[in-house]
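Student: Okay, here's the structure, questions in a sec.
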Amino acid sequence: MSGKNVTEVVQADAEGIARAARILKEGGLVAVPTETVYGLAARADSAEAVAKIYAAKGRPDFNPLIVHVRDLKHAQKLAQFDDRARDLAERFWPGPLTLVLPLREDADVAGAVTAGLPTIALRQPAHKVMRAVLETTGLALAAPSANRSEEISPTCTDHVMASLGGACPLVVDGGPSEEGVESTIVALRAGGGWSLLRPGPITIETLDRILGSESAPESLRVEAPGQLARHYSPGKPMRISAPAGEADEFFIGFGVIEGDCNLSADGDLIEAAARLYDCLHQAAASEKPRIAVAPIPYGEVGRAINDRLRRAATPTD
Ligand code: AMP
Ligand code: MG
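Its first residue numbered 8, the sequence shown is counted upward by one per residue in my numbering.
Below, the structure written as structure tokens:
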């Protein structure tokens with residue numbers, strides 16, 4: 008096995024995927040591309056393997072992990088699917104939708120994956136490299152974003168290396184993540200209600216059309232860092248919805264509002280989502296002591312972008 012403090016970046020060819028699969032089967036960590044962001048994967052059925060994720064990320068142990076599966080059949084071994092859950096999985100999997108469902112009693116997952124909750128978060132990813140890794144290992148893989156807890160999420164191998172270099176033996180290079188923001192998380196409640204736990208590429212308008220209106224969105228939210236005020240932090244003060252930047256600010260523009268970089272010169276929200284974390288990484292690395300971001304519309308994936316920016320702009324206590 009690779010040395011503990013050396014992280015190797017490998018191509019996502021047959022050899023790279025075979026190496027990733029071998030490390031994962033042996034209970035090690037591998038950073039793998041997905042269509043949302045890069046994930047730090049470990050086998051979900053091993054307490055020791057899952058403990059390595061929490062240690063590498065410095066993640067609080069009360070924050071549960073998303074488990075990635077090959078397909079719906081695999082998912083049904085881990086959670087109880089009702090008609091609504093099956094319908095959502097059939098519509099959106101493989102893809103950027105995570106379902107929080109009642110955990111099956113006989114599910115073969117380590118307790119730390121769900122942080123002891125009676126529910127489990129499941130997703131079948133669409134990225135061909137992550138799918139190949141899931142197929143080759145035959146395992147369910149816990150995989151949060153491949154960055155230190157609270158830091159900016161990674162959408163390419165350079166971001167992973169900057170945050171977690173040395174903390175896992177292997178990173179598989181699948182190019183930049185297409186969606187660029189984390190999956191939409193939906194919790195389906197017994198009795199027919201549902202809540203949006205995290206906005207993402209599958210929009211609330213789309214979910215409303217399928218499930219009816221969201222029930223009691225605030226009160227049912229799980230207390231976890233991904234849903235808490237501060238997350239995705241660039242490590243310096245940040246202003247959002249700024250019409251212009253000041254001299255000491257790295258300014259992230261959008262549309263006709265130019266900046267030191269631009270989320271999308273065309274004002275395209277899908278492009279802006281894909282470029283969001285790269286722009287935040289550039290802003291974090293710049294010599295400017297502060298960051299400002301142009302206003303971003305709330306429609307469609309704009310809601311997820313604004314959600315991430317708001318948390319990134321929330322100062323440390
Ligand atoms: P990450 O893995 O960094 O993308 O974050 C995963 C997100 O999924 C966190 O915000 C968790 O709080 C959330 N999550 C995972 N499992 C559950 C669960 N059983 N119930 C509610 N939220 C969950
Ligand atoms: Mg994360």
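We put the beta carbon where it would ideally sit given N, CA and C, even for glycine.
1) Please state whether the Cβ-Cβ distance between A2 and I30 is less than 9 Å.
2) Could you give the DSSP three-state label for R66: helix, strand or coil?
3) Ignore the nearest five residues each way along the sequence and tell me which others in G242's own chain have a CB closer than 7 Å to its CB.
4) Locate the beta strand (DSSP E) running through T14, then write down its first and last residues.
5) By how many angstroms is the C-alpha of A254 removed from the C-alpha of S190?
6) Give me, in chain order, the residues of the same chain whose beta-carbon lies closer than 7 Å to that of A92; leave out the 5 immediate sequence neighbours on both sides.
7) Hey, quick one: how far does the alpha helix (DSSP H) through A292 stretch, first residue to last?
8) Would you check if the segment 158-175 and the segment 37-48 touch, i.e. whether three or more CB-CB distances between them fall below 8 Å?
9) Quick check: the segment 77-97 against the segment 159-170, are there 3 or more CB pairs under 8 Å?
10) Any heavy atom of ligand 2 inside 8 Å of the beta-carbon of H166?
11) CA-CA distance, G46 and P151?
12) Return yes when the C-beta of S53 is under 8 Å from any heavy atom of ligand 1, and no when it is not.
13) I need the boundaries of the alpha helix (DSSP H) containing A139, first residue and last residue.
14) For A335, name the three-state secondary structure that DSSP assigns.
15) To the nearest whole angstrom, what separates the beta carbons of A249 and A301, a pair I think is in contact under 8 Å?
16) Nearest by alpha-carbon distance to L287: which of V57, L104 and S160 is it?
17) If you drop the 5 nearest sequence neighbours on each side, which residues of the same chain put their C-beta closer than 8 Å to that of F99?
18) According to the neighbour-count rule (16 or more other Cβ atoms, all chains shown, within 10 Å of its Cβ), is P322 buried or exposed?
19) Taking the CB atoms as reference points, tell me whether V116 and V140 lie closer together than 9 Å.
20) Measuring only the C-alpha atoms, how far is T121 from G309?
21) Would you please state the rounded distance, in angstroms, between the beta carbons of R297 and E256? I believe it to be under 8 Å.
22) Sort H81, P101, A251 and R155 by Cα distance to T43 and report the nearest one.
23) Would the beta-carbon of L214 be found less than 8 Å away from any heavy atom of ligand 1?
24) So, at 6 Å on beta carbons, what are the nonlocal neighbours of G200 in its own chain, with the 5 sequence-adjacent residues on each side left out?
25) Closest to R66 by C-alpha separation, out of E22, M137, S53 and S156, would be which residue?
26) Could you pull out every residue in the same chain whose Cβ sits closer than 7 Å to the Cβ of P132, ignoring the five residues on either side in sequence?
27) Check E55 in the structure and name its three-state DSSP category.
28) Per the DSSP calculation, F261 is bridged to which residue(s)?
29) Report all residues from its chain with a CB closer than 6 Å to the CB of A21; omit the five preceding and five following residues, and keep chain order.
30) Kindly examine ligand 1 and report whether one of its heavy atoms sits closer than 8 Å to the Cβ of N70.
31) Can you pull the DSSP bridge partners for L6?
32) So, with DSSP's three-state summary, where would you put T126?
Tutor: Taking the coordinates as given:
1) Within the shown structure, residues of the chain are numbered from 8 to 324, placing residue 2 beyond reach of any answer.
2) coil
3) A291
4) No beta strand (DSSP E) contains T14, which DSSP labels as neither H nor E.
5) 35 Å
6) L106, L108 and L195
7) L276 to A292
8) yes
9) no
10) no
11) 5 Å
12) no
13) K135 to T144
14) Only positions 8 to 324 of the chain appear in the structure, and residue 335 is not among them; the question remains open.
15) 6 Å
16) S160
17) I209
18) exposed
19) no
20) 29 Å
21) 5 Å
22) P101
23) no
24) S222
25) S156
26) T41, E42, H75, P101 and R138
27) helix
28) I264
29) none
30) yes
31) Residue 6 is absent from the structure shown; the chain starts at 8 and stops at 324.
32) strand
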